[in-house]
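In this text, residue positions in the sequence shown follow this note's numbering: the first is 372, and each later residue adds one. I have placed the structure first, in the form of structure tokens, so that the comments after it can refer back to it.
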Amino acid sequence: MSSGPGPLPEINEAVRFRDGLCQVVFPVNRIVLVGRLVRNPELRYTQTGVPVATFTLAVSRPFANQQGEREADFIDVVVWRNQAENCSQYLSKGRMVGVDGRLQIRSYETADGQRRKAAEVVADRVEFLDRGREGPGPTGDFEPGIGDMDVPDGTPSFDE
372 MSSGPGPLPE
382 INEAVRFRDG
392 LCQVVFPVNR
402 IVLVGRLVRN
412 PELRYTQTGV
422 PVATFTLAVS
432 RPFANQQGER
442 EADFIDVVVW
452 RNQAENCSQY
462 LSKGRMVGVD
472 GRLQIRSYET
482 ADGQRRKAAE
492 VVADRVEFLD
502 RGREGPGPTG
512 DFEPGIGDMD
522 VPDGTPSFDE
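Here is the structure:
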């Protein structure tokens, strides 16, 4: 028996008819990002010893603002197990990576008791897209850029 993400939707939820065609619709939560790390990854271990790394990616928007400047989105990424340790060992601020994962919204409580939500990408796969000093990656020159930006700390660190 499979230990997948959960039961499949009922057939009447998954099948739609439009313009005489049958469409099968399943919920999809898939994120693909390419960007630069804005700081070094932080590696922690859960109480049961499972490695978890977090980092923030700066992802350029494909258009310019009214001043002609390209802006970026700063997206928190969570990586688990062996991949977390590899990211911690080989990635650093400014490195370009590709992330394939899913969006997760988690709730937490601030020190003063307020409930908040944070969006983060839980990575299934992280690809190193440039060559670091010590790590694997395709050949090519490193171009400093968005990874050198200062990012305000608006989201609390990941805690299990």
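Glycine residues also receive a C-beta, built at the ideal position from the N, C-alpha and C atoms. Being a predicted model, the structure only gives us computed values, none of them experimental.
If residue i and residue j are in contact, beta carbons under 8 Å, what's the gap, nearest whole angstrom?
i    : j    : result
A443 : S459 : No, A443 and S459 are not in contact; Cβ-Cβ is about 23 Å, not under 8 Å.
F499 : Y461 : 6 Å
L474 : A455 : About 19 Å; that fails the 8 Å criterion.
Pull up the DSSP beta-bridge partners for residue i, would you.
i    : result
E480 : R486
F428 : A quick correction: the sequence has Leu, not Phe, at residue 428. In the DSSP output, where bridge partners are listed per residue, L428 has L408, I446.
Y416 : P422
F388 : C393
D471 : V403, R496
Just to confirm, are residue i and residue j a CB contact at a threshold of 9 Å?
i    : j    : result
D471 : R496 : yes
S463 : P412 : yes
I446 : V492 : yes
R602 : V399 : In this structure the chain extends from 372 to 531, so residue 602 is not present and cannot be described.
*Tell me, please, whether the segment 397-410 touches the segment 419-439 by the rule of three or more beta-carbon pairs shorter than 8 Å.*
Of all C-beta pairs linking the segment 397-410 to the segment 419-439, three or more are shorter than 8 Å, placing the two stretches in contact.
*Any chance the segment 448-455 sits against the segment 410-425, with 3 or more Cβ pairs inside 8 Å?*
A contact between stretches requires three or more CB pairs, one per stretch, nearer than 8 Å, and the segment 448-455 meets this requirement with the segment 410-425.
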